Each structure stands twice: as C-alpha cells, then as structure tokens.
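**Student:**
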Amino acid sequence: MHHILFLVCPFSYLEQPLKRKFGKEHFFLTAPAAVFGWNQIDHLIVIRDLIVQQKVNEICLVTDTSCRFIDAVINRSEPFGVPAEQTIMSLYIKNYFNCFKDKSIAHQRYQLARLIMQQQIEQLTKVPLTGECIAQYSIIVKGLVSSSGNFLE
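The sequence shown runs 2 to 154 under this note's numbering.
Next up, the structure:
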C-alpha cells in the first residue's frame, strides 16, 4: 500500500481536501505555515518513526496561498507570534526584488508559498535524522502549493 506523509499547516484546513483527493490511508503532521522545527530533535524523531513504522513511501510538503502567516508578512500585518513568521519574513526579504516587488498580491502569495515549500523540503532532506531515513528507504519527497480553489476541490 502506498502511504503519503503530508506536512501541512493546521490553519489552512487541508487535511480533508487532501484525503478526498489522495485517499484516507495517509498521514498528516502539522506546523504553522508548514514551517517545521528542523533543529528540534522531537519533531525529527516523530517524522523518522512515522516513516519507518507506517512504511511511508512519499512525503508531500503542502503550503497554501491563503495561509494567514503568508498574508500577514505580505501585508505587513501585526505578527501572530509564532516562530514560523520569522522564517517567512526572512524568505520575503531575501527574495523581495526577484519575486515580490511590484507584483500582484496573488502572485506574491504563490511565490512565497512556493519558497516556503522549497526551503522546507531542502531542510527535511538535509537534516541527518530525516535525510538519512529518506535516503535509506528511498522515500519520494514532493512539494505542493495549494490555492483554496486550485487542486483541492
């Protein structure tokens, strides 16, 4: 049986739409804005153990363009106070001139969601505890940018 581990933001409410699209036999781990603490050993152990014990074949990191944390950074709103916001803000500032300056809000949301997804996948595969497990078990790692209306419904 093919098992997917989805890494998602709990505030984007993607679990049910993903289950409808991909099936109910998959697994979910959540973190605000799908930004995980790759330096927190407890997160890494949970991911590694889930991969091994549940025979996960694929990991899919999903970010959503309607994410409240992405929106807060783009619109320079009051922060919510979660650690993920610093990561998102850093990506926004680092890529401002290449991806965001003079672009529509919709374009900025997509680009920032894509950058978060790419960064999180890179970190997931490079951190020794998860990266070695992914390599050892030949886990497929993918990313998906969702827009509340695009792939889900």
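Backbone N, C-alpha and C define an ideal beta-carbon position, used for all residues, glycine too.
Since this is a predicted model, take the numbers as computed values, not measurements.
1) Have a look at residue 36 and residue 81 and give me their C-alpha separation to the nearest angstrom.
2) One question on the structure: do residue 63 and residue 130 come within less than 7 Å of each other, judged by their Cβ atoms?
3) Do residue 10 and residue 34 have their beta-carbon atoms positioned less than 7 Å apart in this structure?
4) For the region 37 to 51 against the region 99 to 107, do three or more pairs of beta-carbon atoms, one drawn from each stretch, fall closer than 8 Å, so that the two count as touching?
5) If you check the beta carbons only, do residue 4 and residue 57 fall under 7 Å apart?
6) Can you give the Cα-Cα distance for residue 40 and residue 112, rounded to whole angstroms?
7) If I measure Cβ to Cβ from residue 92 and keep anything under 8 Å in the same chain, skipping five residues before and after, which residues do I get?
8) In angstroms, rounded to a whole number, what distance separates the CA positions of residue 51 and residue 12?
9) For residue 31, which option in 15, 38, 8, 18 has the closest C-alpha, if you only look at C-alpha atoms?
10) For residue 60, report the span of its beta strand (DSSP E) as first-last.
11) What's the gap between the Cα of residue 105 and the Cα of residue 76?
12) For residue 83, does the three-state DSSP call read helix, strand or coil?
**Tutor:** Taking the coordinates as given:
1) What you label residue 36 is simply residue 35 of the sequence shown in a count that begins at 1. What you label residue 81 is simply residue 80 of the sequence shown in a count that begins at 1. Cα to Cα, the separation comes out at about 14 Å.
2) Counted from its first residue, the sequence shown places residue 63 at position 62. Counted from its first residue, the sequence shown places residue 130 at position 129. Going by C-beta atoms, residue 63 is not nearer than 7 Å to residue 130.
3) Locating residue 34 in the sequence shown gives position 33, counting from the first residue. Locating residue 10 in the sequence shown gives position 9, counting from the first residue. For residue 34 and residue 10, yes; Cβs fall inside 7 Å.
4) Result no; under three Cβ-Cβ pairs closer than 8 Å.
5) Locating residue 4 in the sequence shown gives position 3, counting from the first residue. Locating residue 57 in the sequence shown gives position 56, counting from the first residue. The criterion of a C-beta distance shorter than 7 Å is satisfied by residue 4 and residue 57.
6) The count along the sequence shown starts at 1 and reaches residue 40 at position 39. The count along the sequence shown starts at 1 and reaches residue 112 at position 111. Each residue's Cα considered, the two are about 25 Å apart.
7) Translated into the one-based positions of the sequence shown, residue 92 becomes position 91. Within the same chain, Cβ atoms closer than 8 Å to the Cβ of residue 92 are found at 113, 116, 117, 120, the five residues on either side in sequence being excluded.
8) Taking the first residue of the sequence shown as position 1, residue 51 is located at position 50. Taking the first residue of the sequence shown as position 1, residue 12 is located at position 11. Whole-angstrom Cα-Cα distance: 22 Å.
9) Translated into positions along the sequence shown, residue 31 becomes position 30. For residue 31, the nearest C-alpha among the options comes from 8.
10) Sequence index remark: in the sequence shown, residue 60 carries index 59 (1-based). Unbroken beta strand (DSSP E) run through residue 60: 59 to 65.
11) Taking the first residue of the sequence shown as position 1, residue 105 is located at position 104. Taking the first residue of the sequence shown as position 1, residue 76 is located at position 75. If I take the Cα positions, the gap works out to 12 Å.
12) Position 82 of the sequence shown, counted from the first residue, corresponds to residue 83. Correct three-state label for residue 83: coil.
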